[in-house]
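First comes the structure, then the notes that go with it.
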Amino acid sequence: MQIGQKIIRLDSVDSTNNYTANLIKVGGLVSGAVIMADEQFAGKGQRGAVWLTKPGENLTFSVFLDNVNLSVDRQFVLTQFISLVLVELLDRFGIEAKIKWPNDIFVRSKKIAGVLIENQLSESTIGRSIIGIGLNVNQMDFGNLSATSIKTETGRSVILMDMLFSFIETFNRHSVLFNSTKRDLLDEKYKTLLYRLGEKANFEDGSGVFTGEIKGVTKEGKLQIQKEDGLHTYQLKEVKFL
Ligand code: BTN
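Letter by letter, the sequence shown follows residues 32 to 273 of this note's numbering.
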């Protein structure tokens, strides 16, 4: 699975994920195509949130993958893989990042990248996937948001296109990890990069605020937290990091 054979750069668009979905609908978009925009005026975040970034300062792009061929109950593999690619990419810039479950990329306690994966299913298999990525590159001022960027961390500006090419190269170099034979290795790598793994930290679930310790994730991508009364597993939205 290689990406970047086709790159489309747009000045301004509502959302690169929407634009990619529309291109897929009309046909002719090759698998592995990367669609980036200098400005998104209706960028989408996870859970219906908006994704706001300063035009021209950060990377906002989508990757189209056809024939993903993952069963729906294993769709977490895609989340793991893309998170890992982003951590590896940042590592090339000397930035030590962690994965805040399920796929926020954090540097210490600040978000540097977010991922929105939109899958198109055929029966119980993921056929097509649009992987939307927002990566903070040159923005320095995030107001009251707890966010950071490559420039904030390193003091150096990066040309957005160079950053995109580095992403594509990192993705392609690691793509073997997406093979079904490498799932255990991917699980292991993802786990070791989890933000707050093995640390006592505060969380909130349906029964209130508690102190617990992240132990890992299940194959389906549920978060495992050790509480005083035992090991609990959580789906998205069932637990909050405090
Ligand atoms: C999040 O952390 O909430 C996910 C953010 C994903 C943002 C990216 S920017 C490119 C792509 N197009 C969108 O509309 N959203 C994703």
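Ideal Cβ placement from N, Cα and C applies to all residues, glycine included.
The alpha-carbon separation between residue 85 and residue 38 amounts to approximately 22 Å.
Residue state for residue 189 is assigned as coil, using DSSP reduced to three classes. Between the region 229 to 244 and the region 136 to 144 there are fewer than three C-beta pairs closer than 8 Å, too few to call the two in contact. Straight across, the Cα-Cα distance linking residue 102 with residue 109 is about 11 Å. In its chain, beyond the 5 residues on either side, 43 and 86 have a beta carbon closer than 6 Å to the beta carbon of residue 70.
Cβ-Cβ distances below 6 Å link residue 159 to 97 and 151 in the same chain, with the five nearest sequence neighbours on each side left out; the list follows chain order.
Residues of the same chain with a CB within less than 8 Å of the CB of residue 50, apart from the 5 flanking positions on each side, are 41, 44, 66, 68 and 93 in chain order.
Assignment of residue 68 by DSSP, reduced to helix, strand and coil, places it in the strand class. With fewer than 16 neighbouring CB atoms inside 10 Å of its own CB, residue 266 falls in the exposed class. Assignment of residue 265 by DSSP, reduced to helix, strand and coil, places it in the strand class.
Per the CB criterion, closer than 5 Å to any heavy atom of ligand 1, the qualifying residues run in chain order as 46, 47, 48, 74, 75, 76, 77, 82, 91, 145, 147, 163 and 165.
The way I'd put it, the region 160 to 180 does touch the region 111 to 123; three or more beta-carbon pairs between them come closer than 8 Å. Secondary structure note for residue 111: its alpha helix (DSSP H) is the uninterrupted segment 107 to 123.
Pairing residue 130 with residue 57, the inter-Cα distance amounts to about 35 Å. Exclusion of the five residues before and after residue 235 leaves 241, 270, 271 and 273 as the residues of its chain whose Cβ lies within less than 8 Å of its Cβ.
The Cβ atoms of residue 35 and residue 82 do not sit closer than 8 Å to each other.
Here DSSP, grouped into helix, strand and coil, assigns residue 139 to coil.
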